[in-house]
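Engineer: These protein sequences, in sequence, are chains A and B. Using full-length UniProt numbering, the letters of the first sequence correspond one by one to residues 1 to 152. Using full-length UniProt numbering, the letters of the second sequence correspond one by one to residues 1 to 152. Dumping the structure here so I can ask a few things about it.
2 protein chains.
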Amino acid sequence: MKIKIIVPGKLSKHLKSAVDFYIKRLKRFAKLEIIYTKLGGDLNVMDSKTILNKEAQNILNAIGKADFILLDLHGEKVTSEQFARMIETDRLKGNMTFVIGGPLGVSELLRDQAKRRISLSDLTFTHELALLILLEQIFRGFKIIMNEKYHY
Amino acid sequence: MKIKIIVPGKLSKHLKSAVDFYIKRLKRFAKLEIIYTKLGGDLNVMDSKTILNKEAQNILNAIGKADFILLDLHGEKVTSEQFARMIETDRLKGNMTFVIGGPLGVSELLRDQAKRRISLSDLTFTHELALLILLEQIFRGFKIIMNEKYHY
């Protein structure tokens with residue numbers, strides 16, 4: 001199964017080893033691709049709506065025609081078990097695309113086009129911490145699907 | 001203000017730079033102490049209840065007489081804004097203690113004694129990922145309290 005994750009911006013150095021840890025461990029389960037798209041612009045010279053729309057366009061270009069699951073603070077909350085079942089369902093289709101918002105959040109354009117919107121938490125996370133959490137949940141999801149032990 | 005975080009087990013290598021990143025940035029705001037307590041035992045030779053009780057005892061020894069906030073999957077959900085107000089309230093008291101459960105979760109003993117139980121998510125996280133998320137939220141909390149810009 002192919003899993004694509006699209007996230008605006010770059011990964012900070014302090015999160016690299018943690019993200020790499022899960023990329024390596026996920027190889028057993030899926031062909032993972034993480035695409036870092038260009039940020040929409042600088043808040044000092046542009047308004048947030050313009051930035052969000054630019055970011056959304058970059059993200060939609062990276063998605064192509066695939067349907068996608070949007071990580072959204074105001075989305076639906078799921079347990080790790082339910083998240084695992086989402087992966088299990090999409091495995092039959094062979095691919096799955098996740099989109100994470102940028103530093104300013106997600107645009108309405110993305111909200112409208114998402115197949116499903118899920119919320120990791122009521123808490124706001126940095127977009128790169130959201131990436132790490134998503135990777136851990138995908139890994140956990142496969143462990144649940146495969147009925148493998150995972151006590152961490 | 002003093003902030004103490006108690007978490008069973010050790011920190012994995014792949015999360016060290018991320019945890020260190022927030023420890024460093026929090027120095028401006030608080031005197032932070034992270035205490036890693038001993039795990040309760042091995043599931044292959046002990047049952048989970050015994051392990052959890054042992055872990056709880058190690059945690060309670062590390063807490064001393066302070067009241068504490070327990071991170072618990074089944075606790076109350078808060079937004080980052082509400083979390084910041086919790087810190088703001090406890091700043092007057094001068095100290096704050098957080099407890100994170102171990103790989104097997106939290107014992108009833110800890111649930112009973114906690115001043116407050118908060119849930120980061122409906123998703124289950126590793127205890128060390130919970131530590132990282134907590135550190136980021138404490139940092140975000142201070143940025144909110146101080147009314148400082150924080151777009152990440």
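Ideal Cβ positions, reconstructed from N, Cα and C, are used throughout, including at glycine.
Can you pull the chain C residues whose beta carbon is under 9 Å from the beta carbon of Leu-11 (chain A), in chain order?
Structural biologist: No chain C appears in this structure, whose protein chains are A and B.
Engineer: How close, in whole Å, do the beta carbons of Thr-124 (chain A) and Ser-80 (chain B) come, if the pair is a contact with beta carbons under 8 Å?
Structural biologist: Taking the first residue of the first sequence as position 1, residue 124 (chain A) is located at position 124. Taking the first residue of the second sequence as position 1, residue 80 (chain B) is located at position 80. About 4 Å; that satisfies the 8 Å criterion.
Engineer: One question on the structure: do Gly-64 (chain B) and Ile-118 (chain B) come within less than 7 Å of each other, judged by their Cβ atoms?
Structural biologist: Here residue 64 (chain B) refers to the residue found at position 64 of the second sequence. Here residue 118 (chain B) refers to the residue found at position 118 of the second sequence. The answer is no: Cβ separation not under 7 Å.
Engineer: Start and end of the beta strand (DSSP E) containing Phe-98 (chain B)?
Structural biologist: Walking along the second sequence from the start, residue 98 (chain B) turns up at place 98. Start and end: 95–100.
Engineer: Please report whether the beta-carbon of Ala-30 (chain B) lies at a distance below 7 Å from any beta-carbon of chain A.
Structural biologist: One-based indexing of the second sequence puts residue 30 (chain B) at position 30. No, because no Cβ of chain A sits closer than 7 Å to the Cβ of Ala-30 (chain B).
Engineer: Pro-37 (chain B) by DSSP, collapsed to three states: which one?
Structural biologist: The residue you call residue 37 (chain B) lines up with position 37 of the second sequence. One detail in the question is off: residue 37 (chain B) reads as Thr in this sequence, not Pro. Thr-37 (chain B) falls in the strand class under three-state DSSP.
Engineer: Can you name the start and end residues of the alpha helix (DSSP H) that Val-7 (chain B) belongs to?
Structural biologist: Position 7 of the second sequence, counted from the start, is the residue given in the question as residue 7 (chain B). No alpha helix (DSSP H) contains Val-7 (chain B), which is instead part of the beta strand (DSSP E) from 2–8.
Engineer: What is the rounded straight-line gap between the Cα of Leu-26 (chain A) and the Cα of Asp-20 (chain B)?
Structural biologist: As a working note, residue 26 (chain A) is residue 26 in the first sequence. As a working note, residue 20 (chain B) is residue 20 in the second sequence. Answer to the nearest angstrom: the Cα atoms are 25 Å apart.
Engineer: Take every Cβ of the segment 121–138 of chain A, pair it with every Cβ of the segment 127–134 of chain B, and state whether three or more of those distances are shorter than 8 Å.
Structural biologist: A contact exists between the segment 121–138 of chain A and the segment 127–134 of chain B.
Engineer: When the Cβ atoms of the segment 137–146 of chain B are set against those of the segment 80–94 of chain B, are three or more pairs found closer than 8 Å?
Structural biologist: Taking 8 Å as the limit for Cβ pairs, the verdict is that the segment 80–94 of chain B does touch the segment 137–146 of chain B.
Engineer: Within the continuous beta strand (DSSP E) that includes Leu-73 (chain A), where are the two ends?
Structural biologist: For the purposes of this step, residue 73 (chain A) is identified with residue 73 of the first sequence, where counting begins at 1. Counting along the chain, the beta strand (DSSP E) containing Leu-73 (chain A) begins and ends at 69–77.
Engineer: What residues in its chain sit with their C-beta under 7 Å from that of Leu-15 (chain B), if we drop five residues either side in the sequence?
Structural biologist: Taking the first residue of the second sequence as position 1, residue 15 (chain B) is located at position 15. Once the five neighbours on either side are set aside, the close Cβ partners of Leu-15 (chain B) are Glu-128, Leu-132.
Engineer: Going by other Cβ atoms of all chains shown within 10 Å of its Cβ, with 16 needed for buried, is Lys-4 (chain B) buried or exposed?
Structural biologist: Mapped onto the second sequence, residue 4 (chain B) falls at position 4. Classification for Lys-4 (chain B): buried.
Engineer: Taking Lys-115 (chain A) as the reference, which of A:Lys-49, A:Leu-104, A:Ser-121, A:Asp-90 has the closest Cα?
Structural biologist: As a first step, residue 115 (chain A) is located in the first sequence; it is residue number 115 there, counting from the start. If we check each option's Cα against that of Lys-115 (chain A), A:Asp-90 comes out closest.
Engineer: Taking 7 Å as the limit between beta carbons, can you name the residues of its chain near Asn-61 (chain A), skipping five residues before and five after?
Structural biologist: Working through the first sequence from its first residue, we reach residue 61 (chain A) at position 61. Excluding residues within five positions, none has a Cβ falling inside 7 Å.
Engineer: My output table needs one value for Arg-116 (chain A): the three-state DSSP class, helix, strand or coil.
Structural biologist: One-based indexing of the first sequence puts residue 116 (chain A) at position 116. Note: Arg-116 (chain A) maps to strand in three-state DSSP.
Engineer: Sorted by chain position, which residues of the same chain lie with C-beta nearer than 8 Å to Asn-95 (chain B)'s C-beta, five sequence neighbours on each side aside?
Structural biologist: Taking the second sequence and counting its residues from 1, one reaches residue 95 (chain B) at position 95. Same-chain partners within the cutoff: Met-1, Lys-2, Ile-3, Lys-4, Ala-66.
Engineer: Can you pull the DSSP bridge partners for Lys-27 (chain A)?
Structural biologist: Counting from one through the first sequence, the residue named residue 27 (chain A) turns up at place 27. Partner(s): none; Lys-27 (chain A) has no beta bridge.
Engineer: Among B:Ile-51, B:Ser-121, B:Lys-31, whose alpha-carbon lies nearest the alpha-carbon of Lys-77 (chain B)?
Structural biologist: Here residue 77 (chain B) is taken as the residue at index 77 of the second sequence, counted from 1. Looking at the Cα atoms, B:Ser-121 is the closest of the given residues.
Engineer: So what's Leu-32 (chain B) in DSSP terms, helix, strand or just coil?
Structural biologist: In the second sequence, the residue the question calls residue 32 (chain B) occupies position 32. Strand.
Engineer: Compute every distance between the C-beta of Asp-67 (chain B) and the non-hydrogen atoms of the ligand ATP, then say whether any falls below 6 Å.
Structural biologist: Looking at this structure, you won't find the ligand ATP or any other ligand, since it has none at all.
Engineer: Taking only beta-carbon positions, decide if Glu-136 (chain A) is within less than 7 Å of chain B.
Structural biologist: Taking the first sequence and counting its residues from 1, one reaches residue 136 (chain A) at position 136. It does: the Cβ of Glu-136 (chain A) has a partner Cβ on chain B nearer than 7 Å.
Engineer: Would a C-beta distance cut-off of 7 Å place Ser-12 (chain B) and Ser-17 (chain A) closer than the cut-off?
Structural biologist: Along the second sequence, one-based indexing puts residue 12 (chain B) at 12. Along the first sequence, one-based indexing puts residue 17 (chain A) at 17. Cβ atoms of Ser-12 (chain B) and Ser-17 (chain A): not closer than 7 Å.
Engineer: Can you grab the Cα-Cα spacing for the pair Val-45 (chain A) / Ile-51 (chain A), in whole Å?
Structural biologist: By one-based count along the first sequence, residue 45 (chain A) stands at place 45. By one-based count along the first sequence, residue 51 (chain A) stands at place 51. Whole-angstrom Cα-Cα distance: 10 Å.
Engineer: On a CA-only basis, which of B:Pro-103, B:Gln-113, B:Ile-145, B:Ser-107 is nearest Lys-149 (chain A)? Give me that one, please.
Structural biologist: Position 149 of the first sequence, counted from the start, is the residue given in the question as residue 149 (chain A). Among B:Pro-103, B:Gln-113, B:Ile-145, B:Ser-107, the Cα nearest to that of Lys-149 (chain A) belongs to B:Pro-103.
Engineer: Select from B:Ser-107, B:Gln-137, B:Arg-111, B:Ile-34 the residue whose C-alpha is nearest the C-alpha of residue 154 (chain B).
Structural biologist: For residue 154 (chain B) there is no data in the structure shown, the boundaries of chain B being 1 and 152.
Engineer: Compare the C-beta of Leu-52 (chain B) against all C-beta atoms of chain A and say whether one is closer than 7 Å.
Structural biologist: Locating residue 52 (chain B) in the second sequence gives position 52, counting from the first residue. For Leu-52 (chain B), the answer is no, since every Cβ of chain A falls outside 7 Å of its Cβ.
Engineer: Is the CB-CB distance between Ile-23 (chain B) and Glu-88 (chain B) below 7 Å?
Structural biologist: Residue 23 (chain B) sits at position 23 when you count from the first residue of the second sequence. Residue 88 (chain B) sits at position 88 when you count from the first residue of the second sequence. No, Cβ-Cβ distance for Ile-23 (chain B) and Glu-88 (chain B) is not below 7 Å.
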